[in-house]
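Colleague: Could you have a look at this structure, given as structure tokens, before my questions?
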Amino acid sequence: MDGQIPIIERRKIERPDRQRLVLGLVGGIGLTLSLFTIKLPIFGYINLIHFLLGILITILAILLTYLYYSNREHRATLTIMERNYNHQLEEQKIAEESRQKLEKALLQGQKLQAIGTLAGGIAHDFNNVLYAIMGYTELTLEDIPSDSITHQNLTKVLEASKRGQELVSRILAFSRRHHHDFKPIPIKETLDSVLDLLRPTIPASVIVNFQPAAENSIILGNQTQLHQVIVNLITNAVDAMEGEGKIVIQTERMTNSDALTKYLPDAPLHQYYCKITVTDTGHGMDAATIERIFEPFFTTKEVGRGTGLGLSTAHSIITEHKGDIFVHSQPGQGATFTILLPEYNGELTHG
Amino acid sequence: MASILLVEDDDLVRDMLYQVLTRASHTVQTATNGEEAAEILSHSEPDVMVTDIIMPKKSGITLISEVKNKHPDMEIIAISGGGRLDPMGYLDLSESLGATISFEKPIDNAALLMAIDLLVHSKKTES
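From first to last, the protein sequence lines are chains L and F. When we follow the working numbering, the leftmost residue of the first sequence carries the number 196, and every step to the right adds one. When we follow the working numbering, the leftmost residue of the second sequence carries the number 165, and every step to the right adds one.
In structure tokens:
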């Protein structure tokens, strides 16, 4: 843009001057030549015709010169207009693209919200159903001898209902809107609960192997958010393996003398970190994909399957937890996502 | 033994709780929503009101705040199956509005009965 303005300005200043100069020259030469014909010693009326012809040619020449210049000006204006138009088109395209991205993000947000509302509604009705089953069963248990088969079987009904109750409370805990309040949370239990929740959604042909460290780490964080990160990583892994393979989740406690902490330049001395790795045996990624993997709206999944927000959300959550997340992968070699989270040094408070 | 008003919109839960409470030899009146409960409370005063939170017509939250105004001595037990927004939030709210105890469904009925006994007993020793 900056380079274009001076050119336009220069034209505006120069064009009328040059046009006037050329018009003047053409007119002057024409008139001189026409006048010159009168002085020639030939018959008078021929001289007059020559003179008039000269004048006509001069006017014609002036007209042509004028037309030439006005045409040039016209064309210049057209070029500028065309450039402006193209520019506008481009701006419109960019605006349209960002609008689409925003719409998508909004849609995803609404989707999550809707799932939360739905889960809350279902949980409420489901708890009523479960409560009725459990209550009636307990009442019946009181009425029958405790050594009967019926008593045993009804005890099983109670057990099954209690499992249903746990499931509902897990769904609720999962869908509940996170308030971003950070609490000291144990890593092993956090991973256990999210894996319990995910297991029914993972195909049987995918083996999920959780290998927690002998020493459990406590970190300061938001359980719901961390659930979200792990869910994103594991669903991605399942998708990458196309229904068959192995996912290994490992935790490890490490000091910042570990080579990995070069990713965390701000890490204080003697800070312990909890390392969580999620490794899959999927199709892996090339360097170009890895470079963009945490970008919002970047997705390798087909339209409608991925929003491209999962890993960017994971990244922002981990950053919010003062940790880091990165990936190692090669095409055809699977992928390993590594999460580093600083350990909590204070007391573990309950409730 | 106490007189109890049970407010619950779910037919099965209401019937089940009615049986549980009467078996524990309490006198039980039932209402299916807050409006019905207010109607009953206009002519009788039970010792304890056990009320659900999410109900049609008049919610448990409204009912609790009204009852606490009109009958400040009545013991209120709030029960909820988890909210459409935040289950714990509703129970916390009901407690801050005047419910003495709140339970999350599915409730351990033995704990509910024990709570009722404790409330009624402490009330009787007070007066």
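All C-beta atoms in this analysis are idealised placements derived from N, C-alpha and C, irrespective of residue type, glycine included. On a predicted model such as this, the values are computed, not experimentally measured, just so you know.
(1) For residue 403(L), which beta-bridge partners are listed by DSSP?
(2) If we count the other Cβ atoms within 10 Å of its Cβ and call it buried at 16 or more, is residue 400(L) buried or exposed?
(3) What is the C-beta distance between residue 212(F) and residue 166(F), in whole angstroms, given that I count them as a contact (C-beta under 8 Å)?
(4) Ordered along the chain, which non-local residues of its own chain (more than five positions away) have a Cβ less than 7 Å from that of residue 216(F)?
(5) Residue 307(F) bridges to which residues according to DSSP?
(6) Residue 273(L) to residue 262(L), Cα distance in whole Å?
(7) Tell me where the alpha helix (DSSP H) around residue 343(L) begins and ends.
(8) Give a yes or no on whether 7 Å exceeds the smallest Cβ distance from residue 227(F) to chain L.
(9) Rounded to whole angstroms, what's the CA-CA distance from residue 367(L) to residue 268(F)? Just pull it up for me.
(10) For residue 540(L), would you say it is in contact with chain F, using Cβ-to-Cβ distances shorter than 7 Å as the test?
(11) Can you tell me whether residue 342(L) is buried or exposed? The criterion is at least 16 other CB atoms within 10 Å of its CB, across all chains shown.
(12) Check whether the Cβ of residue 146(F) lies closer than 7 Å to any Cβ atom in chain L.
(13) Is residue 245(F) close to chain L? Criterion is C-beta to C-beta, closer than 7 Å.
(14) Do you know how far the Cα of residue 470(L) is from the Cα of residue 447(L)?
(15) Take the Cβ of residue 278(L) as the centre, count every other Cβ of all protein chains shown within 10 Å, and call the residue buried at 16 or more, exposed below.
(16) Touch check for the segment 183-190 of chain F and the segment 511-527 of chain L: three-plus C-beta pairs under 8 Å?
(17) For the alpha helix (DSSP H) containing residue 510(L), list its first residue and its last residue.
(18) So for residue 282(L), helix, strand or coil by DSSP?
(19) Tell me, please, whether the segment 322-329 of chain L touches the segment 194-206 of chain F by the rule of three or more beta-carbon pairs shorter than 8 Å.
(20) Checking contacts by CB at 7 Å: is residue 415(L) closer than that to chain F?
(21) Could you list which residues in chain F have their beta carbon closer than 7 Å to that of residue 333(L), in chain order?
(22) Is it true that the segment 422-437 of chain L meets the segment 503-512 of chain L, where meeting means three or more beta-carbon pairs spaced less than 8 Å apart?
(23) Cα separation between residue 355(L) and residue 270(F)?
(24) Would you please verify whether the beta carbon of residue 325(L) is less than 7 Å from any beta carbon of chain F?
(25) Taking CB distances under 7 Å as the criterion, tell me whether residue 329(L) reaches chain F.
(26) For residue 318(L), which of helix, strand or coil comes out of DSSP?
(27) Among 357(L), 317(L), 319(L) and 313(L), which residue has its Cα nearest to the Cα of residue 333(L)?
(28) Secondary structure at residue 488(L), three-state DSSP: helix, strand or coil?
(29) Between residue 360(L) and chain F, is any beta-carbon pair separated by less than 7 Å?
(30) Does any CB atom of chain L fall closer than 7 Å to the CB of residue 193(F)?
(31) Within 10 angstroms of its Cβ, does residue 374(L) collect 16 or more other Cβ (buried), or is it exposed?
(32) Taking C-beta pairs closer than 7 Å, name the residues in chain F that residue 411(L) reaches, listed in chain order.
(33) For residue 180(F), verify whether its CB is less than 6 Å away from any heavy atom of the ligand MN.
(34) Spell out whether any CB of chain F is found under 7 Å from the CB atom of residue 322(L).
(35) What residue range does the beta strand (DSSP E) around residue 182(F) cover?
(36) Starting from residue 180(F), find everything on chain L with Cβ-Cβ shorter than 8 Å and list it in chain order.
Modeller: Walking through what the data contain:
(1) 442(L)
(2) exposed
(3) 6 Å
(4) 171, 172, 173, 224, 243 and 244
(5) The question about residue 307(F) has no answer, for chain F in this structure spans 165 to 291.
(6) 16 Å
(7) Run containing residue 343(L): none; DSSP gives neither H nor E here.
(8) no
(9) 13 Å
(10) no
(11) exposed
(12) Here chain F covers residues 165 to 291 and nothing more, so residue 146(F) does not appear.
(13) yes
(14) 5 Å
(15) exposed
(16) no
(17) 505-515
(18) helix
(19) no
(20) no
(21) 273
(22) yes
(23) 13 Å
(24) yes
(25) yes
(26) helix
(27) 357(L)
(28) coil
(29) yes
(30) no
(31) At residue 374(L), the pLDDT of 46 sits below 50, so the modelled position is not reliable and the matter cannot be decided from this model.
(32) Correct list: empty, because the minimum Cβ distance to chain F is about 26 Å.
(33) Judged by which ligands are present, the structure shown has none, so any question about the ligand MN falls away.
(34) yes
(35) Here residue 182(F) belongs to no beta strand (DSSP E); instead the alpha helix (DSSP H) covers 175-187.
(36) 326, 327, 330, 331 and 334
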